[in-house]
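Residue numbers (the numbering used here): 21 to 200.
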């Protein structure tokens, strides 16, 4: 096969909430942009709708990260959508209702996640699903992101680290509709 035949058309992406809203996007804004994409751009190959970083921060006000701000989190140290910005996420629905809406438009849905475990989980030493280990047991507090204070790294050699990651992906699977 000739080299120029690998990508006959350029890879098409989609819409990412950061580009328009920074960290402040709401459910209604995501749905509105998905509707526009489905109506006007899907026919040209645009298919992805991505809710970018800090969807768990209830008080996001701009593209500037607010250091050490509380994030919405479940009892197992996992970030969940801020219910004031994503009202359909209430009652443990997570992004399932929004993903369903986007998939019904023939589009694909994704979320941005940061590596590691929320710092507030470590400070509160919250539980980790599927193990008796807690957030402090797996955290690597000297592994931090220089531009965002939300997360600590995880020491993957510690008991409970894999259980934490497994629980994250289980949660995303429970949100259903095949987050992609």
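Note that CB positions come from ideal geometry on N, CA and C, so glycine has one too.
The structure displayed is predicted, hence computed values, not measured ones.
Handout entry: Alpha-carbon to alpha-carbon, residue 97 and residue 45
Key = Taking the first residue of the chain shown as 1, we reach residue 45 at position 25. Taking the first residue of the chain shown as 1, we reach residue 97 at position 77. Straight-line Cα distance between these residues: approximately 23 Å.
Handout entry: Simplified DSSP state of residue 129, which is helix, strand or coil
Key = One-based indexing of the chain shown puts residue 129 at position 109. In the structure shown, residue 129 sits in a strand (DSSP, three-state: E or B).
Problem - Spatially closest choice to residue 104 from 176, 75, 84, by CA coordinates - result: The sequence position of residue 104 within the chain shown is 84, counting from 1. The candidate whose alpha carbon is nearest that of residue 104 is 75.
Practice task
Determine the direct distance from the alpha carbon of residue 88 to that of residue 143, and round the result to whole angstroms.
Solution key: Counted from its first residue, the chain shown places residue 143 at position 123. Counted from its first residue, the chain shown places residue 88 at position 68. One C-alpha to the other measures close to 11 Å.
Exercise for the section: Determine the DSSP secondary structure at residue 163, reduced to helix, strand or coil. Expected result: Along the chain shown, one-based indexing puts residue 163 at 143. In the three-state scheme derived from DSSP, where H, G and I count as helix and E and B as strand, residue 163 is classed as strand.
Practice task
Keeping to the same chain, check which residues put their C-beta closer than 7 Å to that of residue 188; ignore five residues upstream and five downstream.
Solution key: Against the chain shown, residue 188 aligns to sequence position 168. Once the five neighbours on either side are set aside, the close Cβ partners of residue 188 are 98.
Problem - Bounding residues of the alpha helix (DSSP H) (the contiguous stretch that carries residue 53) - result: Working through the chain shown from its first residue, we reach residue 53 at position 33. First-last of the alpha helix (DSSP H) with residue 53: 47 to 56.
Exercise for the section: Please state if the CB of residue 123 and the CB of residue 129 are separated by a distance shorter than 9 Å. Expected result: As a position in the chain shown, residue 129 is number 109, starting the count at 1. As a position in the chain shown, residue 123 is number 103, starting the count at 1. In this structure, residue 123 lies closer than 9 Å to residue 129 by Cβ.
Exercise for the section: Identify which residue in 121, 153, 109 has its Cα closest to the Cα of residue 191. Expected result: In the chain shown, counting from the first residue as 1, residue 191 sits at position 171. With distances taken between Cα atoms, residue 191 lies closest to 109.
Problem - Secondary structure of residue 142, DSSP reduced to three states - result: As a first step, residue 142 is located in the chain shown; it is residue number 122 there, counting from the start. Here residue 142 sits in helix by DSSP.
Handout entry: residue 89 in three-state terms, based on DSSP
Key = Numbered from 1 along the chain shown, position 69 holds the residue referred to as residue 89. Coil at residue 89, not helix or strand.
Exercise for the section: Check each candidate in 53, 78, 161 and name the one with the smallest Cα separation from residue 70. Expected result: The residue labelled residue 70 in the question sits at position 50 within the chain shown. Nearest of 53, 78, 161 to residue 70, Cα basis: 53.
Handout entry: Through-space distance from residue 113 to residue 193, alpha-carbon basis
Key = Numbered from 1 along the chain shown, position 173 holds the residue referred to as residue 193. Numbered from 1 along the chain shown, position 93 holds the residue referred to as residue 113. One C-alpha to the other measures close to 11 Å.
Practice task
Indicate whether residue 237 and residue 183 have their beta-carbon atoms separated by less than 9 Å.
Solution key: Only positions 21 to 200 of the chain appear in the structure, and residue 237 is not among them; the question remains open.
Handout entry: For residue 120, three-class secondary structure by DSSP
Key = As a working mapping, residue 120 is identified with position 100 in the chain shown. Note: residue 120 maps to helix in three-state DSSP.
Handout entry: Identified DSSP bridge partners for residue 173
Key = Along the chain shown, one-based indexing puts residue 173 at 153. Paired residues: 160.
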